[in-house]
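There are 4 protein chains.
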Amino acid sequence: MNPRMSSVLGRHPAAMASSEAREQLAACIDSCLVCAQICKTCADACLGEDGVKGLVGCVRLDLDCAEACYATASVLSRASGGLDRVTRDLLRVCSDVCAACADMCAGHAEEYAHCLVCAEACRDCQHACKDLLEVLP
Amino acid sequence: MNPRMSSVLGRHPAAMASSEAREQLAACIDSCLVCAQICKTCADACLGEDGVKGLVGCVRLDLDCAEACYATASVLSRASGGLDRVTRDLLRVCSDVCAACADMCAGHAEEYAHCLVCAEACRDCQHACKDLLEVLP
Amino acid sequence: MNPRMSSVLGRHPAAMASSEAREQLAACIDSCLVCAQICKTCADACLGEDGVKGLVGCVRLDLDCAEACYATASVLSRASGGLDRVTRDLLRVCSDVCAACADMCAGHAEEYAHCLVCAEACRDCQHACKDLLEVLP
Amino acid sequence: MNPRMSSVLGRHPAAMASSEAREQLAACIDSCLVCAQICKTCADACLGEDGVKGLVGCVRLDLDCAEACYATASVLSRASGGLDRVTRDLLRVCSDVCAACADMCAGHAEEYAHCLVCAEACRDCQHACKDLLEVLP
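Protein chains in written order, with our numbering: chain A, 5 to 141; chain B, 5 to 141; chain C, 5 to 141; chain D, 5 to 141.
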């Protein structure tokens with residue numbers, strides 16, 4: 005994770021007192037951004053495969069997952085004061101779509117190595133969102 | 005609403021058979037895009053007001069609402085086959101954040117006319133998301 | 005075009021004095037949003053076609069065009085004070101990618117009716133961006 | 005940088021032969037994502053400052069910079085085949101807006117530590133975009 009992510013959160017005028025909470029927030033944001041980007045690249049890699057016709061569902065879910073992850077990261081950039089209800093609901097949706105995308109990509113992981121990387125990034129993000137929901141009040 | 009929105013949905017290979025359902029989908033997408041954009045412009049208008057210090061919560065909620073609306077519109081562009089679970093959950097989150105943003109902006113509507121326009125766009129989008137959840141299986 | 009788009013621009017504290025200029029700004033924003041959304045739906049429709057393998061380039065360009073259009077609309081939501089250099093450069097890039105996407109989709113328009121709708125939306129947006137560059141100082 | 009970013013690029017069916025080129029692409033994508041997110045957080049931090057009225061220009065430029073960076077990262081997720089003209093133009097716009105945002109934030113860096121972090125992230129991204137333009141054909 006880029007050290008600037010938690011650094012900027014620590015310099016926010018409403019910064020969380022606990023550096024552990026800030027690190028958790030930064031980690032979740034980082035997981036969302038990485039997952040969004042890996043999903044987009046996995047979608048593009050699927051498009052380049054000979055077997056693209058069998059990967060259409062994967063491309064679509066990759067793109068949906070990327071949207072949810074990016075929206076979540078954006079909303080979390082304004083979460084220094086804590087998680088409000090909408091942010092919590094969005095984290096749950098994000099965790100769910102990451103779980104679904106991880107499952108789908110894992111199903112192609114033996115044949116397509118980019119799907120293996122994507123499944124791992126989605127699983128990470130699924131857990132990072134759940135963890136943040138438990139840690140932050 | 006731009007007629008091309010429902011036109012392109014009607015030319016999708018998995019287009020919904022019912023033109024009414026397609027119109028409802030197009031209407032919800034349109035409401036999300038309009039709301040996202042109005043929220044961003046309302047945020048910028050708030051930033052330009054002398055009383056910006058009292059409008060900071062409005063700017064933040066406007067930006068959150070815009071993110072949720074835009075992600076929802078994007079995911080709905082892939083919903084010709086129907087609403088899966090994640091799309092339904094995202095529609096609920098979007099409806100909720102629109103309701104919250106409508107309430108906040110309505111509270112400033114007498115003083116700031118851009119907040120009045122924004123409250124109306126948010127209320128529309130709140131209902132369009134709810135309606136789509138009820139109409140589409 | 006949704007009337008709220010120009011309405012909110014007219015209620016911005018730094019609103020352009022000329023209602024014609026505001027209408028032009030609103031029209032360009034609207035064209036960008038419509039084009040972004042039509043491109044995403046066209047990409048999804050291409051994914052659903054039997055001949056998806058021959059449409060991969062179209063899916064990719066659709067997605068690129070959608071990103072440029074959406075970023076441009078977002079930046080234009082903060083352009084009530086006029087177009088700064090970055091906004092002007094972004095409008096040029098947006099106009100260019102719309103022209104490229106219009107050309108590509110027009111090439112498939114006889115076979116795929118969604119590409120015809122997309123080509124028209126891209127052409128509109130190409131011109132709306134160019135027009136705004138000429139009208140606004 | 006998250007190692008999965010270059011890993012997924014290396015598993016793309018059209019992956020660049022040179023691992024150095026792939027690393028450079030991954031590094032630029034990473035810089036764009038970090039810059040987008042830091043800019044959004046810096047904007048939110050500015051909103052929380054007592055002196056927000058003097059920081060409005062910074063909030064706006066932060067938000068514009070975030071949009072350009074994110075669009076660039078997205079388009080670069082489809083750049084495994086190389087940089088086409090639109091991608092190159094977008095990289096130039098992104099580099100320019102990062103330079104402008106770095107300059108503005110650097111002007112507040114003594115007073116606001118989040119602006120210092122943001123200025124650094126913007127400067128990094130400015131150079132990463134320029135570097136990619138020079139390295140990739």
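We treat Cβ as the ideally placed atom computed from N, Cα and C, and that holds for glycine.
query	result
Which of the three DSSP states is assigned to Y74(B) in this structure?	helix
I need the DSSP call for A47(D), collapsed to helix, strand or coil.	helix
Please report the straight-line C-alpha distance between C39(A) and K134(D), rounded to a whole angstrom.	25 Å
Where does H131(C) sit, in a helix, a strand or coil, going by DSSP?	helix
Are the beta-carbon atoms of A106(B) and R8(C) separated by less than 7 Å?	no
Let me know the secondary structure DSSP gives S99(B) once reduced to three states.	helix
Measure the CB-CB distance between C62(B) and C43(B) and report whether it falls below 7 Å.	no
For R82(B), does the count of other Cβ atoms within 10 angstroms reach 16, so buried, or fall short, so exposed?	buried
With a CB to CB cut of under 7 Å and the five nearest residues on each side skipped, what residues in its chain are close to M5(B)?	A30, A31, D34
Tell me whether A132(C) is buried or exposed, calling it buried when 16 or more other Cβ atoms sit within 10 Å of its Cβ.	buried
Just checking, does the region 95-106 of chain D make contact with the region 15-29 of chain D on the three C-beta pairs under 8 Å criterion?	no
Grouping DSSP H, G and I as helix and E and B as strand, with all else coil, what is M9(D)?	helix
Apart from the five residues just before and just after M108(B), which ones in its own chain have a Cβ nearer than 6 Å to its Cβ?	C62, L65
Relative to the C-alpha of A47(C), which candidate in A75(B), L51(B), A72(B), H16(B) has its C-alpha closest?	H16(B)
What does the alpha-carbon distance come out to for the pair Q130(C) and S11(B)?	20 Å
Mind checking whether L94(D) and V97(C) have CB atoms under 7 Å apart?	yes
Thinking L13(B) and A21(B) are a contact (beta carbons under 8 Å), I'd like their distance in whole angstroms, please.	No, L13(B) and A21(B) are not in contact; Cβ-Cβ is about 12 Å, not under 8 Å.
With distance defined between alpha-carbon atoms, name the residue in G86(D), Y74(D), A49(D) nearest to C36(D).	Y74(D)
Roughly how many angstroms lie between the CA atoms of G50(C) and L59(C), to the nearest whole one?	The residue asked about is misnamed: residue 50(C) is Cys in this sequence, not Gly. The straight-line gap from Cα to Cα measures roughly 6 Å.
Closer than 7 Å by C-beta to G86(B): which residues in its own chain qualify, once you throw out the five before and the five after it? Chain order, please.	L140, P141
Name the chain B residues that come within less than 7 Å of V63(D), Cβ to Cβ?	L51
Tell me whether M20(C) sits in a helix, a strand or coil according to DSSP, three-state version.	coil
What did DSSP end up calling E114(B) once you bin it into helix, strand or coil?	coil
In whole angstroms, what separates the C-alpha of D54(D) from that of H118(D)?	14 Å
Quick one: what does DSSP say L140(C) is sitting in, helix, strand or coil?	coil
Given H112(A), which residues of its chain have a CB within under 6 Å of its CB, disregarding the five upstream and five downstream residues?	C119
Under three-state DSSP, which class holds D88(D)?	coil
Could you tell me whether any Cβ in chain B is nearer than 7 Å to the Cβ of V56(A)?	no
Within this structure, are the beta carbons of E71(A) and S78(B) separated by less than 7 Å?	yes
What number of angstroms, rounded off, separates the C-alpha of Y4(D) from the C-alpha of T76(A)?	The structure shown has nothing for residue 4(D), since chain D only spans 5 to 141.
Which residues in chain E have a C-beta closer than 7 Å to the C-beta of S78(D)? List them in chain order.	Looking at the structure shown, chain E is missing, and the protein chains on hand are A, B, C and D.
With 16 as the cutoff for other CB atoms within 10 Å, does S84(C) come out buried or exposed?	buried
Is the shortest distance between the beta-carbon of L136(D) and the beta-carbons of chain A less than 7 Å?	no
Is the closest heavy atom of the ligand ADP to the C-beta of C73(D) under 6 Å?	This structure lacks the ligand ADP, and indeed carries no ligand of any kind.
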